[in-house]
Amino acid sequence: MPGREDIFQKAMNDGHSAAWDQQWEKAAASYRAALEEIPDQPKALNSLGLALHQLSRFEEALQIYTRVAQLSPEDPIPVERVAQLSERMGDLKGAVEAAMRAADLYLKQREVEKAIENWVRVTTLNPDHVFAHSRLALIHERLGHIRPAIIEYLAVASLFQRAGNMEKTGDLINKAMQLMPESTEAKQAQALLKSGQLLPKPVRQKGATGPIRMAQVKELDSPKQPVTSGLDPVAEARQKALTRLAEALFEYNDESPAAQERRGLQAIMRGTGQLSLRQTEQTKVVMHLGQAIDLQTKNQDSQAAEELEKALEAGFKHPAVYFDLGMLRFKSERYESALRNLQHAVTHNDFALASRLLLGQILFKMARYNESSVEYLEALKLADSQVVTPELSDEIRQLYEPIIEAQSIQKDEGALKILCDNIHKMLLRPDWRESLHKAREQLPKAEGDVPMPLAEIVIQAQSSQVLESINQIHTLARSGRLRSAMDAAYEALTYAPQYLPLHTLMGDLLVQEGRGPEAIAKFTTVAQAYSVRGEPNQATKLLRRVIQLAPMDLAARSRLIDQLVARGQVNDAIIEYLELADIYYRLAELDMARKTYTRALRFVQQANADRAWNVHILQRMADIDMQKLDWKQALRIFEQIRTLRPEDETIRKNLIELNLRMAHPDQALAELENYLTYLEGHRGGKDAIPLLEDLLIEHGGEPALRRTLATLYQQAGRTKDAIAQLDKVGESLLKAGNSDGAAAAINQILMLDPPNAEAYRKLLAQISGG
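Below you can see the structure in the form of structure tokens.
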């Protein structure tokens with residue numbers, strides 16, 4: 013039964029409104045609601061595909077666009093989107109096939125430029141694609157693009173030569189010579205053919221390495237089963253690291269408008285002085301990352317490690333690089349280098365478990381058994397917390413603290429070796445999750461809701477006294493005997509001075525006693541200790557406690573941001589940046605507020621966060637610049653926002669008014685014309701007249717604005733209003749002594765056939781005669 017059109021249309025409108033505001037999750041939900049009413053409706057599917065693409069849910073977006081392409085086989089747009097998404101995901105064969113279909117469909121619709129764009133995509137991904145090169149050669153020739161046509165004809169000639177078709181090769185070279193007899197490339201190809209040498213092969217264009225590397229990474233270590241049961245923790249982390257590097261390479265090579273917007277933001281963040289240096293570094297990073305991935309696919313790990321070192325030197329300091337490099341150094345037995353790099357990766361969620369396991373192995377091989385056992389136990393703590401329910405994971409991690417502390421002072425070398433070996437066998441296996449689940453089933457049931465750590469299987473920890481003390485402290489605190497609870501906590505410290513959960517518990521007691529400053533000091537110290545131990549999760553929780561107790565503690569908030577960044581919690585870190593900047597703003601420290609927003613903007617770019625954050629932060633920066641009367645800087649920010657959100661009327665008005673204030677009338681008029689063109693193309697120009705009327709309230713002395721408004725009135729059939737505006741233009745120009753301009757305005761009025769035309773003619777004669 014068909015759905016209701018009104019419900020469908022409302023859902024679509026809701027989706028469009030959300031998309032307009034960059035709220036892509038909401039937009040996607042609305043488009044799905046529309047599709048429930050009218051399934052397989054192409055416009056709704058297209059809109060849903062766009063929303064999913066913006067949310068980086070590429071696989072879902074690909075499925076949607078594939079369906080649209082089936083429903084609308086003559087529409088090239090969804091087919092082109094399939095090509096773009098397939099390329100983005102490393103499916104080069106699928107990307108090539110879809111791009112060829114899209115090119116043919118565009119050509120049928122006489123959209124030649126779009127057809128060329130898709131054939132170029134094909135030759136970029138597959139330089140040996142004869143048909144795509146042939147179509148490009150013919151199209152360029154017909155369009156009069158002689159040099160590109162020659163390049164394509166010679167590419168086809170090279171491919172035919174390698175296929176053994178010498179006659180066709182000669183014909184194609186002659187064709188190139190006929191198009192441009194003086195062509196250096198054609199002459200060189202002719203000389204090579206006569207001397208029996210091979211012509212140069214078609215080369216992959218700049219910017220094509222991202223999808224190629226992504227395809228290689230997908231093939232490398234590709235598991236037969238899902239990752240959850242197909243790889244050990246180190247292999248999982250390696251796969252993640254290579255995927256992150258391929259994604260970064262793809263972003264660096266991206267020449268799309270979105271990438272150009274990001275470069276514009278980088279200019280704002282760094283200032284133009286460092287921009288050329290950054291471009292140089294970026295070129296180096298692209299080269300070294302591409303080489304590193306390529307070499308690893310060929311099992312040339314030593315050379316790959318050298319390329320990763322160079323990428324780090326060029327400024328690309330990403331946890332994925334540190335982990336990948338640390339793992340490669342471990343494999344080549346360069347243990348000191350491996351240790352240094354893995355210490356950088358251990359704080360990131362994606363690489364923490366694998367880094368701990370590698371650190372444990374390295375320290376074991378270096379005969380540092382105490383340190384090795386601690387790293388192995390840290391690894392087991394992370395793994396154990398992943399297989400229990402989320403609400404128990406924090407409690408599990410805390411239960412490992414006394415075990416790890418007791419182990420750090422263990423003197424029995426034999427026992428340490430056995431411990432390391434047991435954890436190694438438990439975790440470094442493809443079915444490690446299933447193994448841990450089974451091991452957890454064998455644990456004796458603990459009293460109450462307190463889980464038991466898996467470490468109990470591999471070690472008999474001398475920590476029962478600490479656990480008993482904590483239970484006693486909780487009991488005393490619940491009964492309101494806070495002083496006795498604190499005494500019990502101090503007593504417990506005598507045999508577990510470095511057990512951090514105990515220190516955290518003491519902080520809780522201080523809060524209950526109303527001793528806020530002391531609690532803050534305690535939580536801050538414990539958070540710092542957790543951070544040093546490489547446990548940003550616990551450090552983050554304690555810093556949040558500090559901020560709850562003291563919202564204006566700027567140092568604590570800054571440390572919290574550092575921890576969130578280290579853990580890769582992008583949105584949480586951005587929110588804290590904005591909170592910190594807002595605090596500075598409320599304290600009237602505008603310079604510090606703007607610096608914080610700048611740091612937030614840089615982080616958004618580095619983390620490839622949602623584009624909506626860019627606009628939000630830039631608007632805050634522009635507000636501060638306006639308050640400081642730094643109009644020049646505010647203008648730059650507004651221009652960048654305009655690029656990101658061309659539909660934002662407030663930003664457009666700000667740009668026009670700022671240029672007028674700075675005595676740049678030509679730039680103001682250019683901005684106005686640019687926006688009017690946008691309105692005409694996107695909204696039929698319906699908002700143009702109210703915009704001009706609003707601008708003239710404050711800038712009534714600008715003849716150019718009135719002349720533009722008069723033109724809009726005329727186009728709307730409001731001749732009387734148009735004459736009134738031109739009359740005011742002429743009057744203001746006469747007062748300013750601009751007789752020529754006034755005469756031009758009167759001539760415009762006369763062309764509109766005003767009722768008092770004779771009076772205007774007399775005035776025109778007076779001006780011309782005077």
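Residue numbers (the numbering used here): 13 to 782.
Just so it is clear, CB atoms sit at the ideal spot from N, CA and C, and this is done for glycine as well.
Leaving out five residues on either side along the sequence, give the residues of the same chain with a beta carbon under 6 Å from the beta carbon of L74.
L97
Under the rule that 16 or more other beta-carbon atoms within 10 Å means buried, what is G528, buried or exposed?
exposed
Per DSSP, what kind of secondary structure is M101 in: helix, strand or coil?
coil
Do you know how far the Cα of Y118 is from the Cα of F363?
Between F363 and Y118, the C-alpha separation is close to 45 Å.
Quick one: any contact between the segment 394-412 and the segment 370-378, if contact means 3 or more CB pairs under 8 Å?
No, because fewer than three Cβ pairs between the segment 394-412 and the segment 370-378 fall closer than 8 Å, the two stretches do not touch.
Count Cβ pairs between the segment 331-346 and the segment 305-317 that sit closer than 8 Å; are there 3 or more?
yes
Please say whether N671 and E683 have beta carbons closer to each other than 9 Å?
A contact, by the Cβ cut-off of 9 Å.
Quick check: the Cα distance between L104 and Q631, rounded to an integer number of angstroms?
39 Å
Alpha-carbon to alpha-carbon, L466 and H628:
46 Å
Check for me: the alpha helix (DSSP H) holding S349 runs from which residue to which?
347-357
With a threshold of 16 other CB atoms inside 10 Å of the CB of H449, please say whether the residue is buried or exposed.
exposed
Helix, strand or coil: how does DSSP classify T135 here?
helix
Reducing DSSP to helix, strand and coil, say where R493 ends up.
coil
Could you give the residue range of the alpha helix (DSSP H) that holds I421?
Looking at the DSSP string, I421 is not in any alpha helix (DSSP H), and its letter there is neither H nor E.
8 Å contact criterion, which A40 and A23 should meet: CB distance rounded
That pair is no contact at about 11 Å.
Quick check: the Cα distance between Q791 and A110, rounded to an integer number of angstroms?
The chain is shown from 13 up to 782; residue 791 falls before or after that span and cannot be answered.
Check whether the segment 420-431 and the segment 489-507 are in contact - that is, three or more C-beta pairs closer than 8 Å.
no
Do L656 and R623 have their C-beta atoms within less than 9 Å of each other?
yes
CB L1 to CB S543, shorter than 9 Å?
Given a span of 13 to 782 for the chain in the structure shown, any question on residue 1 remains unanswerable.
Closest residue to E661 among S170, A700, Q645 (Cα-Cα distance)
A700
Going by beta-carbon coordinates alone, are E86 and R133 separated by less than 9 Å?
no
Assess contact between the segment 249-257 and the segment 196-204, defined as three or more Cβ pairs (one per stretch) separated by less than 8 Å. Is contact present?
At 8 Å Cβ cutoff, the stretches do not touch.
Q760: buried (16+ other C-beta within 10 angstroms of its C-beta) or exposed?
Answer is buried; the Cβ neighbour count reaches 16.
Delimiting residues of the alpha helix (DSSP H) encompassing L762
751-763
Roughly how many angstroms separate the alpha carbons of Y77 and Q617, rounded to a whole number?
28 Å
Taking 9 Å as the cut-off, decide whether the C-beta atoms of S59 and Y43 are in contact.
yes
Give the C-beta separation of L440 and Q419 to the nearest angstrom, bearing in mind that I take them to be a contact with Cβ-Cβ under 8 Å.
Their Cβ separation, rounded to whole angstroms, is 19 Å, which puts L440 and Q419 out of contact at 8 Å.
Taking the C-alpha atoms as reference points, what is the distance between A722 and A30?
Taking the straight line from one Cα to the other gives about 35 Å.
What residue from N361, E348, I305 has the CA that sits closest to D336's CA?
Residue I305 is the option with its Cα nearest to D336.
D603: first and last residue of the uninterrupted alpha helix (DSSP H) it sits in
602-618
Keeping to the same chain, check which residues put their C-beta closer than 7 Å to that of E387; ignore five residues upstream and five downstream.
R368, L371, G372, L375
Ignore the nearest five residues each way along the sequence and tell me which others in W444's own chain have a CB closer than 8 Å to its CB.
Closer than 8 Å at the Cβ level, and outside the excluded window around W444, lie D244, P245, A395, M438.
What residue does the alpha helix (DSSP H) around Q190 start on, and which one ends it?
178-191
Hey, out of H157, D678, S384, whose CA is closest to H783's CA?
Because the chain here runs from 13 to 782, residue 783 falls outside it and cannot be looked at.
Simplified DSSP state of V400, which is helix, strand or coil:
coil
Do you know offhand how far F615's Cα is from I586's?
8 Å
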